[in-house]
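Have a look at the structure below before the remarks.
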Amino acid sequence: MTLGLATLGLFTVLLSMAAIFPVHEPKWFGFGLLAAALCALGGAFSGPHLRTAMPWGVGTGLAIWALVGLGTGGISAWLGWAALGLGLAFLTLGLLHFMRRVVSPRRLPRFLHTS
Numbered sequence: 002m003t004l005g006l007a008t009l010g011l012f013t014v015l016l017s018m019a020a021i022f023p024v025h026e027p028k029w030f031g032f033g034l035l036a037a038a039l040c041a042l043g044g045a046f047s048g049p050h051l052r053t054a055m056p057w058g059v060g061t062g063l064a065i066w067a068l069v070g071l072g073t074g075g076i077s078a079w080l081g082w083a084a085l086g087l088g089l090a091f092l093t094l095g096l097l098h099f100m101r102r103v104v105s106p107r108r109l110p111r112f113l114h115t116s
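Read in order, the letters of the sequence shown correspond to residues 2 to 116 in the working numbering.
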């Protein structure tokens, strides 16, 4: 969980830098991505409760932020779709973590077993 959150957080930082530094992209979108990335990186190295909740919060926030950016038409399409993809990746990470903790080990798919 820590490795997944940290990796996705670093990719989100890279995407936010791609949105902040070109002059033709709006800065509000890039700084929103940077805030989500810093939340993910902070949650990766926090306690277990925050680490469990962080993929859901960041994924939902990124998905909404990307849909707002795509809806306004003020950002490049690749940037909006990449942010939406990262938001869905965060939500998938939260779903896999939830399945490992809640579903009994006999019913889990093989790739989610710990041993």
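From the three backbone atoms N, C-alpha and C, an ideal C-beta is built for every residue, glycine too.
**Request:** Could you work out which residue in T8, V103, R108, W82 is closest to G44 when comparing CA atoms only?
**Result:** T8
**Close-in-space but distant-in-sequence residues of the same chain around A38 (CB under 6 Å, 5 per side omitted)** = G10, T13, V14, S17
**Distance CB(W66)-CB(G95) smaller than 7 Å** = no
**Request:** Rounded to whole angstroms, what's the CA-CA distance from L109 to L85? Just pull it up for me.
**Result:** When the Cα atoms are used, L109 and L85 turn out to be separated by approximately 28 Å.
**Prompt:** Near A90, which residues of its chain fall below 7 Å by C-beta distance, leaving aside the five closest residues on each side in sequence?
**Reply:** So the list reads L9, once near-sequence residues are dropped.
**Message:** Could you tell me the alpha carbon to alpha carbon distance between E105 and V59, rounded to whole angstroms?
**Reply:** One point to set straight first is that residue 105 is Ser, not Glu, in the sequence displayed. Between S105 and V59, the C-alpha separation is close to 27 Å.
**Asked** Of the residues H114, L87, I76, P49, which one's Cα is nearest the Cα of T20?
**Response** This sequence places Ala at residue 20; Thr is not what is there. When each option's Cα is compared against that of A20, the closest is I76.
**Request:** Please say whether A41 and L6 have beta carbons closer to each other than 7 Å?
**Result:** yes
**Item:** Check whether G70 and G62 have beta carbons under 7 Å apart
**Value:** Note that the C-beta distance between G70 and G62 is not below 7 Å.
**Request:** Please go through the stretch 32 to 88 and give each complete beta strand (DSSP E) segment of 3 or more residues, from N-terminal end onward.
**Result:** none
**Asked** Less than 7 Å separating the beta-carbons of A64 and G31?
**Response** no
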